[in-house]
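Take any residue in the sequence shown, note its place counting from 1, add 576, and you have its number in my numbering.
We treat Cβ as the ideally placed atom computed from N, Cα and C, and that holds for glycine.
Below is one structure, written out as structure tokens; comments come after it.
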Amino acid sequence: GPGAAPHAVQACARIVHACPRRVRHAWSQVLDLLDLDHGVRRLRVPAAVVVGTADRLTPPVHARALAASLPRCVGLTELPGLGHMTPMEAPGAITAKIRELVAAYASPRPTDRDNETDNDDVRIGEGA
Numbered sequence: 577g578p579g580a581a582p583h584a585v586q587a588c589a590r591i592v593h594a595c596p597r598r599v600r601h602a603w604s605q606v607l608d609l610l611d612l613d614h615g616v617r618r619l620r621v622p623a624a625v626v627v628g629t630a631d632r633l634t635p636p637v638h639a640r641a642l643a644a645s646l647p648r649c650v651g652l653t654e655l656p657g658l659g660h661m662t663p664m665e666a667p668g669a670i671t672a673k674i675r676e677l678v679a680a681y682a683s684p685r686p687t688d689r690d691n692e693t694d695n696d697d698v699r700i701g702e703g704a
């Protein structure tokens, strides 16, 4: 995205260009058939969606639809000016979101309450 640091853009370009053209082309055909909603409604753990507002590969409209489809969506974060490679463009923001999820929903070991099927406060135990 336009807000990306030059070193992050260069690192992403190196990753993409290191992949053979034939493989990149084949991957583009896979992405063309990708169904972003497949199985999403069956996901029962808390999930957050993060998107860069300048993401041209999976634009924010897709992120909003994904968030709306998630049964346990705990947030949609749109990062202004960032593109598709948000973990490289804004590692601090992405890490902060992951830490928030871990702090709110991960527990060091499962308890009896964690295994109840009607538990609305789903917690994710180690090894899950």
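Between Thr662 and Val626, the C-beta gap is smaller than 8 Å, which places the two residues in contact. Non-local beta-carbon contacts of Leu619 in its own chain, meaning distances under 8 Å to residues more than five positions away in sequence, involve Leu646, Pro647 and Arg648 in chain order. Looking at the DSSP output, Gly651 sits in a beta bridge with Ala624. CA-to-CA, the gap between Gly657 and Pro684 works out to about 36 Å. Ranking His593, Asp613 and Cys588 by CA distance to the CA of Arg640 puts Asp613 first. A residue is called buried when at least 16 other Cβ atoms come within 10 angstroms of its Cβ; Leu609 does not meet this threshold and is exposed.
Contact between Pro578 and Ala630 is confirmed by a C-beta separation of about 6 Å, below the 8 Å threshold. Short of 6 Å from the beta carbon of Gly651, and not among the five residues preceding or following it, lie these beta carbons of its own chain, in chain order: Ala624. Membership of Val592 in the alpha helix (DSSP H) is indicated by the continuous run Pro582 to Ala594. A Cβ-Cβ contact shorter than 8 Å links Cys588 with Met664. Gly628 has its alpha-carbon roughly 22 Å from the corresponding atom of Val606.
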